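**Student:** Start counting the sequence shown at 86; every next residue gets the next number (this note's numbering).
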Amino acid sequence: MSKYGEFEVVGTVRRKCKRINDPNADQDGMREYSVLKCPHCRNETIEIANDNIQKQKYTVIRDHILACPSYTGERPQKRGKPASDTSEIDDLKQRMTESEVKHESTKAQLDWTNSQLDWTNSHLETVKTVVAQHQVHWGDLARVMGYEPPMEPPFLLDKCRELRRLQLTNPEGAYNEHQKNMALILEQKDMVIKEKTLMLEQKGVDFNSVVNEKNLMLQQQDTALKQQDTALKAEMQMATDYKKQLDTKDSELSKMIKEMGRLQKERDQLKAKLDALGTKKPTPGEMLRHGLEQAHKRARM
Ligand SMILES: [Zn+2]
């Protein structure tokens, strides 16, 4: 509790440093301030840098009390000035100097802000170029991975993360997965080749069976022809044999005919002899005996 009342902290605010090139500024040139509330005027614009709050609190409160419109107690003496009846002009000079300093400070701050803005603008250009290049790279990456160029990077990013995760957690698995995919593709090719070979073999079998059937038919025809040939030959042989037999019979017949002719002639001669003998006709017994005697004679000749 200060002797000027309780100035409680009602909040904090992070903003640009009051001083240029403040060594306590963070990388963005910002600093955190505590906001104090005056118990007299209820003003909430009293700020103290957070890390200086203990050191500066009294001075800041004292400065506010000097100007607080609602404070009714005895005001403190101005800092660094002896209590005297300093003229209004001196006071005015002092205030003008302070104002000039403040103005310089504001100007410097504005310059600094402008330079920051320039820097930001040039960086924005760089970032735009980089983003455009990245867009091209994303497209290339998508093509390499076999995807359509994505409208948004997250799709590919997720795919890459998935791959990377698999590689890290299970490098063997990632490799195996790749191998499996390759093996699958090869297997499918093998299947296709096998099917084609089978089809070709089937066609070969069909063709062979047709050829075999034709061959069999030809063989059967051939056998039939041979059988016919054999039968014909046999028939011809039989005909030849029959002709031979006929010839033999024929010659035997001609011999018999000749023999009969001879016998007829002998009979005629015998009859003529008998006729010449006159009236006496031989009995059939005498004729038979005579014929037998003649045949016997011939057989002995
Ligand atoms: Zn006040």
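The beta carbon of each residue, even a glycine, is placed where N, CA and C say it ideally should be.
None of the values given here were measured: they were computed from a predicted structure.
In the structure shown, what three-state DSSP assignment does K122 receive?
**Tutor:** On the sequence shown, residue 122 is found 37 positions in, with the first residue counted as 1. In the three-state scheme derived from DSSP, where H, G and I count as helix and E and B as strand, K122 is classed as strand.
**Student:** Using the Cα positions of M321 and D332, report the straight-line distance between them to the nearest angstrom.
**Tutor:** Here residue 321 corresponds to residue number 236 of the sequence shown, with the count starting at 1. Here residue 332 corresponds to residue number 247 of the sequence shown, with the count starting at 1. Cα to Cα, M321 sits roughly 16 Å from D332.
**Student:** Extract the residue ranges of the alpha helix (DSSP H) inside the region 224-257, only unbroken runs of 4 or more that lie entirely within it.
**Tutor:** 238-254
**Student:** Cβ of L241 within 8 Å of Cβ of Y232?
**Tutor:** Sequence index remark: in the sequence shown, residue 241 carries index 156 (1-based). Sequence index remark: in the sequence shown, residue 232 carries index 147 (1-based). Taking 8 Å as the cut-off, the beta carbon of L241 is found closer than this to the beta carbon of Y232.
**Student:** Using three-state DSSP, classify K88 as helix, strand or coil.
**Tutor:** On the sequence shown, residue 88 is found 3 positions in, with the first residue counted as 1. In this structure, K88 counts as coil in the three-state DSSP scheme.
**Student:** Going by other Cβ atoms of all chains shown within 10 Å of its Cβ, with 16 needed for buried, is A168 buried or exposed?
**Tutor:** Within the sequence shown, residue 168 is the residue found at index 83, counting from 1. Residue placement at A168 is poorly supported in this model, since its pLDDT is 47, which falls under 50; the coordinates are not used for a value here.
**Student:** Please work out which residues of its chain come closer than 6 Å, Cβ to Cβ, to S119, disregarding the five sequence neighbours upstream and downstream, and give them in chain order.
**Tutor:** Position 34 of the sequence shown, counted from the first residue, corresponds to residue 119. Same-chain partners within the cutoff: V94, T97, I133, N135, I138.
**Student:** How big is the Cα-Cα spacing for K311 and F292?
**Tutor:** To locate residue 311, count along the sequence shown from 1; it is residue 226. To locate residue 292, count along the sequence shown from 1; it is residue 207. Straight-line Cα distance between these residues: approximately 28 Å.
**Student:** Closer than 6 Å is what we want: which residues have a beta carbon that near any heavy atom of ligand 2? List them in chain order.
**Tutor:** Annotation note on ligand 2: not contained in the displayed structure, which lists ligand 1 as its ligands.
**Student:** Taking just the CA atoms, how far does L209 sit from L195?
**Tutor:** For the purposes of this step, residue 195 is taken as the residue at position 110 of the sequence shown. For the purposes of this step, residue 209 is taken as the residue at position 124 of the sequence shown. One C-alpha to the other measures close to 21 Å.
**Student:** Would you give the residue range spanned by the beta strand (DSSP E) that T144 belongs to?
**Tutor:** To locate residue 144, count along the sequence shown from 1; it is residue 59. Not the beta strand (DSSP E): T144 falls in the alpha helix (DSSP H), residues 138-152.
**Student:** With a threshold of 8 Å between beta-carbons, can N109 be considered close to chain C, or not?
**Tutor:** The structure shown contains no chain C, having only a single protein chain.
**Student:** Going by DSSP, what residues sit across from V98 in a beta bridge?
**Tutor:** For this step, residue 98 is matched to residue 13 along the sequence shown. Answer by DSSP bridge pairing, in chain order: Y118.
**Student:** Could you check whether the region 121-131 touches the region 105-113, counting it as contact only if at least three pairs of C-beta atoms, one from each stretch, sit closer than 8 Å?
**Tutor:** no
**Student:** Starting from E378, trace the alpha helix (DSSP H) both ways and give me its first and last residue.
**Tutor:** In the sequence shown, residue 378 corresponds to position 293, counting from 1. If you look at E378, you'll find it in the alpha helix (DSSP H) that goes 369-385.
**Student:** What three-state label does DSSP hand E159 in the structure shown?
**Tutor:** The residue labelled residue 159 in the question sits at position 74 within the sequence shown. Residue state, collapsed to three classes: coil.
**Student:** Between which two residues does the beta strand (DSSP E) containing A134 stretch?
**Tutor:** Taking the sequence shown and counting its residues from 1, one reaches residue 134 at position 49. Counting along the chain, the beta strand (DSSP E) containing A134 begins and ends at 131-134.
**Student:** So if DSSP puts E93 in a beta bridge, which residue, or which two residues, is it bridged to?
**Tutor:** As a working mapping, residue 93 is identified with position 8 in the sequence shown. Bridge partners of E93: K122.
**Student:** Using DSSP with H/G/I as helix, E/B as strand and the rest coil, what is D176?
**Tutor:** Counted from its first residue, the sequence shown places residue 176 at position 91. Looking at D176 - three-state DSSP - the assignment turns out to be helix.
**Student:** Buried or exposed for R116, please, with buried defined as at least 16 other CB atoms from any protein chain shown within 10 angstroms of its CB.
**Tutor:** Residue 116 sits at position 31 when you count from the first residue of the sequence shown. By the 10 Å Cβ count, R116 comes out buried.
**Student:** Please state whether DSSP places A110 in a helix, a strand or coil.
**Tutor:** Here residue 110 corresponds to residue number 25 of the sequence shown, with the count starting at 1. Coil.
**Student:** Considering only residues of the same chain and omitting the five flanking positions on each side of F92, which have a CB-CB separation below 6 Å?
**Tutor:** Looking up residue 92 in the sequence shown gives position 7. L121, I146, listed in sequence order.
**Student:** Assign Y143 to one of two classes, buried (16 or more other C-beta atoms within 10 Å of its C-beta) or exposed (fewer than that).
**Tutor:** Stepping through the sequence shown from its first residue, residue 143 is reached at position 58. Answer is exposed; the Cβ neighbour count stays below 16.
**Student:** From E173, K88, A193, T214, pick the residue whose C-alpha is nearest to that of P161; which is it?
**Tutor:** Numbered from 1 along the sequence shown, position 76 holds the residue referred to as residue 161. Checking every option, the nearest Cα to that of P161 belongs to K88.
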